[in-house]
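Colleague: Note that my numbering has the sequence shown beginning at 174, numbered continuously upward. My questions all concern the structure below.
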Amino acid sequence: MAAAADPEIEVVLALRGGYGLTRLLPVLDFSQLAASGKLFVGHSDFTAFQMALLAQAGASSFAGPMLCDDFTRASASQSTLDDFWSCVSAQAHVVQIAPTGNPAIDVCGTLWGGNLTMLTHLVGTRYLPAIAGGILFVEDVNEHPYRVERMLLQLLHAGVLGRQQALLLGDFSNYRLGEYDNGYDYAAMLGYLRAHCPIPVITGLPFGHITDKATLAVGARARLTVNDQQCRLAMSH
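Below is the structure:
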């Protein structure tokens, strides 16, 4: 709140992700945060803040790099930093998506989402935005495919997925299949999801707990286009 009230600060970066942000949601004044005009940036558990800001105040933010995890590392990704500055300093931004295996699609809607675990934990609370006709993006880390499926099915059964134009999958990294998984890998999960989800499921979004990540304008108007010539997410904010 202090950073939001400081007139000399324009961008507020999350230090890192981690446990505990949902503890803070009831004590934050989201109307005041939105009125500050600051650019709030982060990902991972910071998704809870971003969703609450959008749900409670209708304010946009940016899903992107964080201070400790991205900006201060000696091995910081230049492409991540370049994409960040490009996104926050312009009113329009385009992210290229890996086209492999994706169905053709051309839809427009509100871009929203973030970390899948955090989104799932906000279902049934006043902190999850009631977005209809949107483009929902998700990512996660350390989650086995069966757990990713279970969380996405919760969003489906709660009616969240059915209200969207498309589901956009980012990176799901840092897991190792074990005996308990019984061979159920990401490809199998994706096949099941596409067979049972009522909306297009698009993969290849360069976002998540990865070194080279895009910055996304959460709450912005966006157009998702996939065809033989292009696979891109265009944002206007």
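Ideal Cβ placement from N, Cα and C applies to all residues, glycine included. Source: prediction; values computed, not measured.
1) Anyone know if the C-beta pair for E322 and D344 falls short of 7 Å?
2) So the beta strand (DSSP E) C281 belongs to, where does it begin and stop?
3) In this structure, does DSSP put E181 in helix, strand or coil?
4) With contact counted as at least three CB pairs below 8 Å, one residue from each stretch, are the region 280–289 and the region 380–391 in contact?
5) Can you tell me whether F380 is helix, strand or coil according to DSSP?
6) Work out the CA separation of L363 and A271 for me, nearest whole Å.
7) Please report the straight-line C-alpha distance between G210 and G306, rounded to a whole angstrom.
8) What residues are listed by DSSP as bridge partners for R396?
9) Please report the distance separating the alpha-carbon of V280 from that of R396.
10) Candidates I278, T376, G237: which alpha carbon is nearest W258's?
11) Counting along the chain, where does the alpha helix (DSSP H) carrying A390 start and finish?
Modeller: According to the structure data:
1) no
2) 278–288
3) coil
4) yes
5) coil
6) 15 Å
7) 26 Å
8) C281, A407
9) 6 Å
10) G237
11) Not the alpha helix (DSSP H): A390 falls in the beta strand (DSSP E), residues 389–391.
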